[in-house]
Amino acid sequence: ETGVTQTPRHLVMGMTNKKSLKCEQHLGHNAMYWYKQSAKKPLELMFVYSLEERVENNSVPSRFSPECPNSSHLFLHLHTLQPEDSALYLCASSRSGAYTQYFGPGTRLTVL
Amino acid sequence: GESVGLHLPTLSVQEGDNSIINCAYSNSASDYFIWYKQESGKGPQFIIDIRSNMDKRQGQRVTVLLNKTVKHLSLQIAATQPGDSAVYFCAENRGNSDNTGKLIFGQGTTLQVKP
Chain G
1 ETGVTQTPRH LVMGMTNKKS LKCEQHLGHN AMYWYKQSAK KPLELMFVYS
51 LEERVENNSV PSRFSPECPN SSHLFLHLHT LQPEDSALYL CASSRSGAYT
101 QYFGPGTRLT VL
Chain F
113 GESVGLHLPT LSVQEGDNSI INCAYSNSAS DYFIWYKQES GKGPQFIIDI
163 RSNMDKRQGQ RVTVLLNKTV KHLSLQIAAT QPGDSAVYFC AENRGNSDNT
213 GKLIFGQGTT LQVKP
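First to last, the protein sequences are chains G and F.
Residue numbers for the first sequence follow our numbering, so the first one is 1 and each next one is one higher.
Residue numbers for the second sequence follow our numbering, so the first one is 113 and each next one is one higher.
Structure below.
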């Protein structure tokens with residue numbers, strides 16, 4: 001399954017580091033999403049981009065900063081994270097007007 | 113309120129048997145539902161979806177049933193195979209005004225297939 005790719009697949013960072021997660025979709029979609037998946041919790045929607053404009057920010061702390069330079073790429077910039085931010089970060093995409101979202105494999109983030 | 117729940121965190125079935133995974137939702141205005149399968153180390157994979165104007169939809173070895181009266185959704189897997197072992201999530205779509213999706217996920221049910 002290579003429709004939605006994410007890099008890196010694993011990331012370990014300290015609380016003072018700055019890092020970025022990258023997502024790329026090859027499905028011709030024009031909406032992209034960031035989700036957080038923590039153990040024993042449902043997937044949490046973080047951000048939604050439609051046609052490269054942010055249309056939803058689900059009360060996410062400012063230490064997470066998304067960027068969508070074009071409809072195929074989505075970034076999540078990370079800055080001064082906390083250990084409780086350790087989770088699997090999933091990217092998804094969909095066609096505008098369609099509800100089905102297709103997910104990437106995720107980035108497993110560990111904050112020390 | 114918004115919540116999507118699954119009845120059982122873990123379901124163990126014998127290979128070859130049928131599996132039924134249940135999900136309850138609370139928002140009667142939801143008009144679209146979707147099931148995902150997530151294997152270890154992978155992202156959620158689309159299995160099947162259903163709109164609220166339907167009560168049943170079939171795919172390859174899978175069937176989704178929707179009971180709007182009791183706000184209940186189920187996923188049936190026929191002749192369960194070891195490769196079906198995974199975590200299964202149901203989700204309801206609330207949608208945004210710009211036609212992007214807003215999926216509300218349940219906690220997930222882990223399906224274990226015994227050989």
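A virtual CB, placed ideally from N, CA and C, is assigned to each residue, including glycine.
Given 8 Å as the limit, is there contact between the segment 81–94 of chain G and the segment 34–43 of chain G, that is, 3 or more CB pairs closer than that? yes
Quick check: the segment 132–151 of chain F against the segment 171–180 of chain F, are at least 3 beta-carbon pairs closer than 8 Å? Under the Cβ criterion (8 Å, minimum of three pairs), the segment 171–180 of chain F counts as touching the segment 132–151 of chain F.
Closest Cβ-Cβ distance between tyrosine 148(F) and chain G: below 9 Å? yes
Whose CA, out of Asn58(G), Tyr49(G), Leu21(G), lies closest to the CA of serine 96(G)? The candidate whose alpha carbon is nearest that of serine 96(G) is Tyr49(G).
List the residues of chain F that glutamine 25(G) touches, going by C-beta distances under 8 Å, in chain order. Within 8 Å Cβ-Cβ: nothing; glutamine 25(G) doesn't reach chain F, min ~12 Å.
Extent of the continuous beta strand (DSSP E) to which glutamate 113(G) belongs: Residue 113(G) lies beyond the range of chain G shown here (1 to 112); nothing can be said about it.
Give me the Cα-Cα distance between tyrosine 122(G) and serine 94(G), rounded to the nearest whole angstrom. What is shown of chain G runs 1 to 112, which leaves residue 122(G) out entirely.
If we call anything under 9 Å between Cβ atoms a contact, is lysine 149(F) one with valine 199(F)? yes
Taking proline 121(F) and glutamine 188(F) to be in contact with their CB atoms under 8 Å, please state how far apart those CB atoms are, rounded to whole angstroms. About 19 Å; that fails the 8 Å criterion.
Could you compute how far the alpha carbon of glutamate 127(F) sits from the alpha carbon of glycine 195(F)? 10 Å
Compare the C-alpha of glutamine 6(G) against each of Ser62(G), Met32(G), Lys18(G), Leu43(G) and name the closest. Met32(G)
Residue closest to leucine 81(G), alpha-carbon to alpha-carbon, out of Met13(G), Pro8(G), Val4(G): Selected option, being the one with the closest Cα: Met13(G).
Could you have a look at glutamate 204(F) and say whether DSSP puts it in helix, strand or coil? strand
Counting only beta-carbon separations shorter than 9 Å, does leucine 178(F) have a partner in chain G? Not one chain G Cβ lies under 9 Å of leucine 178(F).
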